[in-house]
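A.B. asks: Supplied in structure tokens, the structure appears directly below.
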Amino acid sequence: MPSPSDAATPSSETASADTQTVVASGIQPSGQLHLGNYFGAIRQHIQLQEQADEAFYFIVNYHALTTVQDAEALRRHTLDVALDYLALGLDPDEATLFVQSDVPQVTELTWIFFTLLPTSRLEKGVAYKEKINQGLTPNAGLFNYPVLQAADILAYDAPPEASLRVPVGRDQKQNLEIARDLAGRFNRAYCDEGTPLFPIPEPHILDSVATVPGLDGQKMSKSYGNTIGIFDEGKTLKEKVYSIKTASVPLSEPMETEGDTVFALIRLFADEQTRAEIAEKYQRPDYGYGHAKGELLELIEEHFAEDAFTWDGAIPRDNVEVLAD
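Okay, so the sequence shown: first residue is 8 according to the numbering used here, each after it adds one.
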């Protein structure tokens, strides 16, 4: 697991020096951003804004409609995501941040893509199949989610010869394959040979990034109700950290770091030396999970201290002009 100082390194091949690099990625405003969002996407977005020639980050409020159908809540979540990104280091001079629904061409392109893709590709979608397996009835928006996602990625006029990188988690790689397929299908159907319109997007994946565990040990997710918010603080943060599920180990016995949710979260925040020191403490008879949770609490508070100040005071939370600008 990389420490906060580690540089992002794409798993795809590095583009040549004279190839334009474009980064495109979105985040869904379905609720409060949490540590899973931060380590899985946001941190990469902030790093990549300085490495790419152009960076487009979009708040995908159309995607959020698959789960959020409260207009006021969606408006609030959308603004909060924008302000959170600014607080965490997104530079409007380096990257373009905008709301998906402000670009109608995205849904126009989605319809064209619908006509190019067999429904069998969508029936194999992991997220769609998970809902079916859970006995739920997913809506048509979830079924067609990967097609809208492809339009999100391809709509912003990246040159066909550009290196179009898409930061994604491993659970999103299947959707990116659909975007790659659609780019190729469109180019073959509507473009003259040798003059494609769309570049073929490439995944930007940090190989060492694992799933961020939630309070119960499952993948951290708003749908599981097991998240730690990026800007949780004070009593709220302390209560969440100390509620993390742990194994039943007597204080006098050593604790295992492997498979331990507390230590997995510590790995995300601590540098190599601190990780080694805490791992050594796990073997001591006078060190228990309460001590480890206390150290995790301190690491989280220290990591987001400056960002939390910015979040709390620099930009009014009802300032909708931030997105218009």
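Where a beta carbon is used, it is the ideal one built from N, C-alpha and C, also for glycine.
Buried or exposed for E79, please, with buried defined as at least 16 other CB atoms from any protein chain shown within 10 angstroms of its CB.
C.D. replies: So E79 ends up on the exposed side.
A.B. asks: For my contact list, I160 and P210 are in at a C-beta cut-off of 8 Å; report their separation, rounded to the angstrom.
C.D. replies: That belief does not hold up - the Cβ atoms of I160 and P210 are roughly 11 Å apart, past 8 Å.
A.B. asks: Residues in the same chain with beta-carbon distance under 8 Å from Y197, minus the five sequence neighbours each way, listed in chain order, please.
C.D. replies: If we look at Y197 and ignore the five residues flanking it on each side, its Cβ neighbours are L204.
A.B. asks: Residues in its own chain within less than 8 Å of K229 by CB, not counting five upstream and five downstream?
C.D. replies: Here the set comprises S37, G38, Q39, H41.
A.B. asks: Within the continuous alpha helix (DSSP H) that includes V88, where are the two ends?
C.D. replies: Where V88 is concerned, the enclosing alpha helix (DSSP H) stretches over 78-95.
A.B. asks: Tell me where the beta strand (DSSP E) around F65 begins and ends.
C.D. replies: From DSSP, the beta strand (DSSP E) with F65 extends over 61-66.
A.B. asks: Rounded to the nearest angstrom, what separates V219 and L123 at their Cα positions?
C.D. replies: Rounded to the nearest angstrom, the two C-alpha atoms are 35 Å apart.
A.B. asks: Tell me which residues share the same chain as F121 and place their Cβ nearer than 8 Å to its Cβ, disregarding the 5 neighbours each side in the sequence.
C.D. replies: Within the same chain, F121 has close Cβ partners N151, V154.
A.B. asks: Given a cut-off of 8 Å on the beta-carbon distance, is the pair T268 and T253 in contact?
C.D. replies: Taking 8 Å as the Cβ cut-off, T268 and T253 qualify as a contacting pair.
A.B. asks: Quick check on L72: does DSSP put it in helix, strand or coil?
C.D. replies: Coil, per DSSP.
A.B. asks: Taking the alpha carbon of A162 as the point to measure from, which residue in I139, G148, L189 has its own alpha carbon closest?
C.D. replies: Ranking the options by Cα distance to A162, first place goes to L189.
A.B. asks: In the DSSP assignment, the beta strand (DSSP E) including F1 goes from what residue to what residue?
C.D. replies: With the chain covering only 8 through 332, there is no way to say anything about residue 1.
A.B. asks: Going by the DSSP bridge assignment, what does S32 pair with across the sheet?
C.D. replies: DSSP output for S32 lists Y64 as bridge partner(s).
A.B. asks: How do the stretch 46-60 and the stretch 134-150 stand: do at least 3 beta-carbon pairs fall below 8 Å, yes or no?
C.D. replies: Contact between the stretch 46-60 and the stretch 134-150 is absent, because fewer than three Cβ pairs lie under 8 Å.
A.B. asks: Taking all protein chains shown into account, decide if P174 is buried (16 or more other Cβ within 10 angstroms of its Cβ) or exposed.
C.D. replies: The residue in question, P174, is buried, as its Cβ has 16 or more Cβ neighbours within 10 Å.
A.B. asks: Determine, using beta carbons only, whether L306 and F276 come nearer to each other than 8 Å.
C.D. replies: In contact: L306 and F276 (Cβ atoms closer than 8 Å).
A.B. asks: Would you decide whether E57 is buried or exposed? Buried here means 16 or more other CB atoms lie within 10 Å of its CB.
C.D. replies: E57 should be labelled exposed.
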